[in-house]
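A.B. asks:
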Amino acid sequence: MRVEGGALRLTILIGSRDQWHHKPLYAEIVHRAHAAGLAGATVQRGIEGFGASSRIHHNRLLPLSEDLPVAIIIVDAEQRIRDFLPQLDTLVTKGLIVLDPVEAVRVSAAQSPPPARRRGR
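Each residue of the sequence shown is one higher than the last, beginning at 337 in our numbering.
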């Protein structure tokens, strides 16, 4: 999918422990975005943050037990993002959903050079 010019960035901020039917919520969101045909999605795990609870989450002492912040970022045409939003109504029960107008400068798998082929020895 090719996106250039005016677009919308959807950022979903949740916790790494948030679940949907016994699997990570961020994975469910990415899979639904893919099924909806959106241009792409990226999940970023934060190292420190706080949200509505005002409790600071960080990975300094007990990294496996902390509920670290996670951001799912999706950029696509405005109408495609807005059409996807209703799916988040049932998924994101706590967290923050942000929309930002952005300008996509160059996004296309077709513009990427193919990976270098490794020669056999």
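Note that the Cβ used here is the ideal one computed from N, Cα and C, for glycine as well. Since the structure is predicted, the reported quantities are computational estimates derived from the model, not experimental observations.
1. What number of angstroms, rounded off, separates the C-alpha of Pro360 from the C-alpha of Val406?
2. Please say whether Val379 and Ala417 have beta carbons closer to each other than 9 Å?
3. Which residues in the same chain have their Cβ closer than 6 Å to the Cβ of Asp436, if we skip the five residues on either side of it in sequence?
4. Within the region 404-436, note down every full alpha helix (DSSP H) run reaching 4 residues or more, in order along the chain.
5. Taking Leu344 as part of the beta strand (DSSP E), name the residues at either end of that continuous run.
6. Can you name the residues that DSSP bridges to Val438?
7. May I ask you to list the residues that DSSP assigns as paired with Ala377?
8. Run the CB neighbour count on Leu432, radius 10 Å, all protein chains shown included, and call it buried at 16 or more, exposed below.
9. Looking at Ala440 and Val366, is the spacing between their C-beta atoms short of 9 Å?
C.D. replies: Judging by the given coordinates:
1. 11 Å
2. In the sequence as displayed, the identity of residue 417 is Ile instead of Ala. Result no, Cβ atoms of Ile417 and Val379 do not sit closer than 9 Å.
3. Arg345
4. 414-427
5. 341-351
6. Ala343
7. Ile410
8. exposed
9. no
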